[in-house]
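The opening residue of the sequence shown carries number 428 in my numbering; numbering runs sequentially from there.
All residues carry an ideal CB built from backbone N, CA and C; glycine is no exception.
What follows is a set of notes on a single structure, which appears directly below.
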Amino acid sequence: MPRVLVVDDQADVRTIISIVLRIQHFEIVEAESAASALKLFEQANFGEASFDLAIVDIFLQGTNGSDLITTLRSRMPGLPVVAISGMTALDFLSETPELSDVVCLQKPFRPSDLMRAIEAARGSRAQPADAVAAAAR
428 MPRVLVVDDQ
438 ADVRTIISIV
448 LRIQHFEIVE
458 AESAASALKL
468 FEQANFGEAS
478 FDLAIVDIFL
488 QGTNGSDLIT
498 TLRSRMPGLP
508 VVAISGMTAL
518 DFLSETPELS
528 DVVCLQKPFR
538 PSDLMRAIEA
548 ARGSRAQPAD
558 AVAAAAR
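Have a look at this one:
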């Protein structure tokens, strides 16, 4: 069962995402802040249950979500990420090389939009490894 870290400072958004993903057989861990997310991420990486995906709100209270994504990626480079925001378009993420493969999703979104974004994020992180494996053959 894929394990997902959901980071949003709005409890109702975390709840909706969690419900949609649990129905799709994902294991969910919720964080209300960047500090909480980093603590959970560190605990998971010390144990056996690391994360398969992160869904991160870009405008967390008191924190820039793109900084959190960068930190998570520095600790787990292959982590697929979906960035969400209700405030603005997320085009600026594609301008940052280390975040160019982050999949962006504008709030409000439908469950089907969320699932497509997750599949795109998981696929975009898998492609480079697949290409390397194919080249090695």
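So residue i is in the alpha helix (DSSP H); what residue range does that whole segment cover?
i, result
"V440", "438-450"
"R502", "492-502"
"E469", "461-473"
What is the C-beta distance between residue i and residue j, in whole angstroms, given that I count them as a contact (C-beta under 8 angstroms)?
i, j, result
"I511", "L532", "5 angstroms"
"A548", "L480", "6 angstroms"
"L432", "F478", "5 angstroms"
"A544", "V509", "5 angstroms"
"A476", "R430", "6 angstroms"
Starting from residue i and walking both ways along the beta strand (DSSP E), at which residues does that stretch end?
i, result
"Q533", "530-533"
"S512", "508-512"
"L432", "430-434"
"L526", "Run containing L526: none; DSSP gives neither H nor E here."
"A481", "480-484"
"A458", "454-458"
I'd like to check one pair, residue j with residue i: are the Cβ atoms closer than 8 angstroms?
i, j, result
"T490", "S460", "yes"
"Q470", "M542", "no"
"V434", "L495", "yes"
Review point. Okay, do the segment 450-457 and the segment 483-499 touch, 3+ Cβ pairs below 8 angstroms being the bar?
Key: Contact fails between the segment 450-457 and the segment 483-499, because fewer than three Cβ pairs, one in each stretch, are under 8 angstroms apart.
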